[in-house]
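Visitor:
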Amino acid sequence: MHKHPQPPRTLRWRTAAAALAASVAASAFLAVPAAQANEPADPPSTQQLPAPTPGFPLPSKHSQQAFDPASDFTSKWTRADAKQIMAQSNPNVAPGQNSMSPDVTMPEIPEDFPQMNDDVWVWDTWSLTDENANQISYKGWDVIFSLVADRHAGYGFDQRHWNARIGYFFRKTNADPAKDKWNYGGHLFLDNTSIGNTEWSGSTRLEQGNHVNVFYTATTFHDVAERNAGGGGIAPDAAIAKAMGNIHADKNGVTFDGFQHTKLLEPDGKMYQTKAQNPGFAFRDPYTFADPAHPGKTFMVFEGNTAGTRGDYQCKGEDLGYQPGDPHAESLTDVQNSGAKYQTANVGLAVADNKDLTKWSFLPPILSANCVNDQTERPQIFIQNENGKNKYYLYTISHQFTYADGMRGPDGVYGFVGDGVRSDYQPVNNSGLALGSPTDLNLPANNPSGTISGQQNGRQFQAYSHYVQPGGLVQSFIDNVNGVRGGSLSPTVKINFKNGVTQVDRSFGQNGLGPFGYLPTNKRIGGEGLYK
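Quick note on our numbering: the sequence shown kicks off at 1002 and runs consecutively.
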């Protein structure tokens, strides 16, 4: 059993920042309340960024300076930054042990984890929220949304991706998270009503009254049957979509109805790579939010890839980011010849053009990882007040096997901090790594769907698709724990962060592991009648 964690402190809110200083291109002023910023999470024990490690290059210099959201400045997660992951890793651990600092290592999940649901696999998960990232209790019920796939349909766990639907779960707000299971409500949308034939991750916002906006990735696979049988390979189509519907709650639980679907965005081939440019392109995971610095506007971050035909990208000095004269810097020619040009992840930005959030315009990416990594999945913007100033934390997730040649890092959460939505983002801990599954970074990467190396840490893929919640709580799903496949929500962990430094809170729960699937709400909507 786990110790019942203390509920997060009630978040206090600050008034919006000064009025909009510069207009954001192609965006109408939206009639919605001004955003507010979270009170800080618990601070880490030290708030000093790690000192340089002898024998490694210095990290890139980042100012954290904010820019107009519509400007063409894109922050770089550089090779010099990502090299700090290995600089801060222990090269002398016994093979297969965790080589990373405990401050950035997720505690070990037990192999005998419970199944969240007997009928569906569960993975990417998010909460019912408002535009300020509050997690909403609706009429006494906590509500979460997950990608789900049928455990009994005849395909395997690794075939879940092209069979994914958005499902939802609910339980009483006053439930004991260590004992009371989530109730499965079924698929969120009626069959054959969403934009694609497969539904991938997004975010869900409660609007006025009982209306909800579900932003999701509409993915269309053209060879599902072949893929389920072990073949296939036709690249899917992808678009960002939303569905406006209604939420209902009574003493028996939560239901949804009335969804109307709208396609919002498809990659443009100029800033964001298209399927024609790369069959393995990424365009997914919409996360919408309001910004205190730009009252009335609604923004969206999403995962993308730098536009252009796959393999044509030429690595640049700014992608490497080495300081002049650094004796440990790589040469641009060597990096280019290594094949790093194939790794072109970015975090995209869009702005809503109307109050109904049905029309959006692309803005340039806010972060690129060109020649560093090929995936920056499920990005979030988390705004918190630090010492009287709003700081913007961009959190995203990535895999160890999507790094470019010469790079090494674990599956987990990566973070960046700046003074605005568009900033010269400082990677947290100088490296970007905020929370990783236990991994021996001295050994080669494996793949969660394959056999775990006899030497590599058996929990290197224990958890993925992390979602950062108010108070620093982090939810994820179980993938592969020492060879035992998952499909259920992980124990929630907690990271403390401030001034660009993050630290796993091992006093939370039991040795750092909270209850499985703990996504507590911090704001109540819809009346008090059902809370008791």
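Idealized CB from N, CA, C, for every residue including glycine.
Buried or exposed: alanine 1345, going by 16 or more other Cβ atoms within 10 Å of its Cβ?
Guide: Working through the sequence shown from its first residue, we reach residue 1345 at position 344. Correcting the residue type first, residue 1345 is threonine in the shown sequence and not alanine. When all chains shown are included, threonine 1345 counts as buried.
Visitor: Just how far apart, CA to CA, sit histidine 1400 and proline 1280?
Guide: To locate residue 1400, count along the sequence shown from 1; it is residue 399. To locate residue 1280, count along the sequence shown from 1; it is residue 279. If you take the alpha carbons of histidine 1400 and proline 1280, they lie about 19 angstroms apart.
Visitor: Using three-state DSSP, classify methionine 1408 as helix, strand or coil.
Guide: For the purposes of this step, residue 1408 is taken as residue 407 along the sequence shown, with counting starting at 1. Coil.
Visitor: Within the same chain, show all residues whose beta-carbon is closer than 7 angstroms to that of aspartate 1286, passing over the 5 residues directly before and after it, in chain order.
Guide: By 1-based counting over the sequence shown, the position of residue 1286 is 285. Only Ser1202, Gly1203, Thr1218, Phe1303, Glu1304, Glu1378, Arg1379 and Pro1380 meet the Cβ criterion.
Visitor: Between the region 1109–1125 and the region 1227–1240, are three or more C-beta pairs nearer than 8 angstroms?
Guide: Touching, no, given that fewer than three Cβ pairs across the two stretches are closer than 8 angstroms.
Visitor: So the alpha helix (DSSP H) aspartate 1145 belongs to, where does it begin and stop?
Guide: Numbered from 1 along the sequence shown, position 144 holds the residue referred to as residue 1145. Looking at the sequence shown, residue 1145 is not aspartate but isoleucine. Run containing isoleucine 1145: none in the alpha helix (DSSP H); it sits in the beta strand (DSSP E), 1142–1151.
Visitor: Could you say which of Ser1432, Val1494, Gln1470 and Gln1461 lies nearest to alanine 1543 if we only look at CA atoms?
Guide: Look at the range of the chain in this structure, 1002 to 1533, and you will see that residue 1543 is not part of it.
Visitor: Along the beta strand (DSSP E) that carries lysine 1276, what are the first and last residues, could you check?
Guide: The residue given as residue 1276 occupies position 275 in the sequence shown. It is not in any beta strand (DSSP E) - lysine 1276 carries neither H nor E in the DSSP assignment.
Visitor: How is asparagine 1512 classed by DSSP in three states: helix, strand or coil?
Guide: Counting from 1 along the sequence shown, the entry for residue 1512 is found at position 511. Reduced to three states, the DSSP call for asparagine 1512 is coil.
Visitor: Is the distance from the Cβ of lysine 1392 to the Cβ of cysteine 1372 below 8 angstroms?
Guide: Translated into the one-based positions of the sequence shown, residue 1392 becomes position 391. Translated into the one-based positions of the sequence shown, residue 1372 becomes position 371. No, the pair does not count as a contact, with Cβ atoms beyond the cut-off.
Visitor: Report the CB separation of lysine 1276 from alanine 1242 in whole angstroms; it is logged as a contact under 8 angstroms.
Guide: In the sequence shown, the residue the question calls residue 1276 occupies position 275. In the sequence shown, the residue the question calls residue 1242 occupies position 241. The pair is not a contact, with the Cβ atoms about 16 angstroms apart (cut-off 8 angstroms).
Visitor: Write down the C-beta distance between asparagine 1099 and threonine 1403 rounded to the nearest angstrom, noting that I regard them as a contact closer than 8 angstroms.
Guide: Against the sequence shown, residue 1099 aligns to sequence position 98. Against the sequence shown, residue 1403 aligns to sequence position 402. The Cβ separation is near 20 angstroms, so there is no contact.
Visitor: On a Cα-Cα basis, can you pick out the residue from Gln1261, Asp1224 and Thr1199 that is closest to glycine 1168?
Guide: As a working mapping, residue 1168 is identified with position 167 in the sequence shown. The option with the nearest alpha carbon to glycine 1168 is Thr1199.
Visitor: Measuring CB to CB, does valine 1144 end up less than 8 angstroms from arginine 1166?
Guide: Translated into the one-based positions of the sequence shown, residue 1144 becomes position 143. Translated into the one-based positions of the sequence shown, residue 1166 becomes position 165. No.
Visitor: What are the partner residues of proline 1492, as DSSP defines its beta bridges?
Guide: Reading the sequence shown from its first residue, position 491 is the one you call residue 1492. Beta-bridge pairing links proline 1492 to Phe1517.
Visitor: DSSP three-state label for alanine 1446, please.
Guide: As a position in the sequence shown, residue 1446 is number 445, starting the count at 1. Three-state DSSP puts alanine 1446 in coil, outside helix and strand.
Visitor: Spell out the partners DSSP gives histidine 1212 in its beta bridges.
Guide: Against the sequence shown, residue 1212 aligns to sequence position 211. Looking at the DSSP assignment, histidine 1212 forms a beta bridge with Asn1247.
Visitor: Are at least three pairs of beta-carbons, each pair with one atom in the region 1475–1488 and one in the region 1073–1089, less than 8 angstroms apart?
Guide: At 8 angstroms Cβ cutoff, the stretches do not touch.
Visitor: Per DSSP, glutamate 1378 is paired with what?
Guide: In the sequence shown, residue 1378 corresponds to position 377, counting from 1. Beta-bridge pairing links glutamate 1378 to Ile1398.
Visitor: Taking the beta strand (DSSP E) that arginine 1161 falls in, what are its first and last residues?
Guide: Along the sequence shown, one-based indexing puts residue 1161 at 160. Element bounds for arginine 1161: n/a, residue is neither H nor E.
Visitor: Given this structure, state the Cα-to-Cα distance separating alanine 1027 from valine 1422, to the nearest angstrom.
Guide: For the purposes of this step, residue 1027 is taken as the residue at position 26 of the sequence shown. For the purposes of this step, residue 1422 is taken as the residue at position 421 of the sequence shown. A caution first: alanine 1027 carries a pLDDT of 33, below 50, which makes its placement in the model unreliable, though a value can still be read off. Answer to the nearest angstrom: the Cα atoms are 17 angstroms apart.
Visitor: Of all the options Glu1132, Ile1196 and Asp1258, which has the alpha carbon lying nearest to the alpha carbon of glycine 1187?
Guide: Here the question's residue 1187 lines up with position 186 in the sequence shown. Answer by Cα proximity: Asp1258.
Visitor: Would you grab the beta carbon distance between leucine 1395 and glutamine 1470 for me? Rounded to a whole angstrom, and I think it's under 8 angstroms.
Guide: Along the sequence shown, read from residue 1 onward, the residue named residue 1395 stands at position 394. Along the sequence shown, read from residue 1 onward, the residue named residue 1470 stands at position 469. Not a contact, Cβ separation roughly 16 angstroms.
Visitor: Between arginine 1525 and the rest of its own chain, which residues show a CB-CB distance below 6 angstroms, the 5 nearest in sequence each way excluded?
Guide: On the sequence shown, residue 1525 is found 524 positions in, with the first residue counted as 1. Here the set comprises Ser1138.
Visitor: Rounded to whole angstroms, what's the CA-CA distance from glycine 1484 to aspartate 1251? Just pull it up for me.
Guide: Position 483 of the sequence shown, counted from the first residue, corresponds to residue 1484. Position 250 of the sequence shown, counted from the first residue, corresponds to residue 1251. Cα to Cα, glycine 1484 sits roughly 41 angstroms from aspartate 1251.
Visitor: With DSSP run on the structure shown, which of helix, strand or coil describes proline 1103?
Guide: Here residue 1103 refers to the residue found at position 102 when the sequence shown is read from its first residue. It is helical.
Visitor: Using beta-carbon positions only, say whether glycine 1410 and alanine 1052 come within less than 8 angstroms of one another.
Guide: Translated into the one-based positions of the sequence shown, residue 1410 becomes position 409. Translated into the one-based positions of the sequence shown, residue 1052 becomes position 51. No; because the gap between Cβ atoms is not below 8 angstroms, this pair is not in contact.
Visitor: Between phenylalanine 1290 and alanine 1095, is the Cβ-Cβ spacing less than 8 angstroms?
Guide: Here residue 1290 corresponds to residue number 289 of the sequence shown, with the count starting at 1. Here residue 1095 corresponds to residue number 94 of the sequence shown, with the count starting at 1. Cβ atoms of phenylalanine 1290 and alanine 1095: not closer than 8 angstroms.
Visitor: Keeping to the same chain, check which residues put their C-beta closer than 7 angstroms to that of glycine 1534; ignore five residues upstream and five downstream.
Guide: Any question about residue 1534 goes unanswered here, given that the chain covers just 1002 to 1533.
Visitor: Could you tell me the distance, in whole angstroms, from the CA atom of asparagine 1164 to the CA atom of threonine 1221?
Guide: Here residue 1164 corresponds to residue number 163 of the sequence shown, with the count starting at 1. Here residue 1221 corresponds to residue number 220 of the sequence shown, with the count starting at 1. Cα to Cα, the separation comes out at about 10 angstroms.
Visitor: Which class does tyrosine 1343 belong to by DSSP, given the choice of helix, strand or coil?
Guide: For the purposes of this step, residue 1343 is taken as the residue at position 342 of the sequence shown. Helix at tyrosine 1343.
Visitor: Is it buried or exposed for isoleucine 1235, if we count other Cβ within 10 angstroms and need 16 for buried?
Guide: Taking the sequence shown and counting its residues from 1, the one referred to as residue 1235 is at position 234. It is exposed - the Cβ of isoleucine 1235 has fewer than 16 other Cβ atoms within 10 Å.
Visitor: Where aspartate 1335 and threonine 1307 are concerned, what is the direct C-alpha to C-alpha distance, given to the nearest angstrom?
Guide: Start at 1 with the first residue of the sequence shown, and residue 1335 comes out as number 334. Start at 1 with the first residue of the sequence shown, and residue 1307 comes out as number 306. Near 21 angstroms, if we compare the C-alpha coordinates of threonine 1307 and aspartate 1335.
Visitor: Could you name each continuous alpha helix (DSSP H) segment of 4 residues or more that falls completely within the region 1063–1089, going from the start of the chain to the end?
Guide: Complete alpha helix (DSSP H) runs here, min 4: 1080–1088.
Visitor: Look up leucine 1436 in the DSSP assignment and give the residues it is bridged to.
Guide: As a working mapping, residue 1436 is identified with position 435 in the sequence shown. According to DSSP, leucine 1436 bridges with Val1414.
Visitor: Can you tell me whether serine 1132 is buried or exposed? The criterion is at least 16 other CB atoms within 10 Å of its CB, across all chains shown.
Guide: Here residue 1132 corresponds to residue number 131 of the sequence shown, with the count starting at 1. The residue asked about is misnamed: residue 1132 is glutamate in this sequence, not serine. With 16 or more other Cβ atoms within 10 Å, it is buried.
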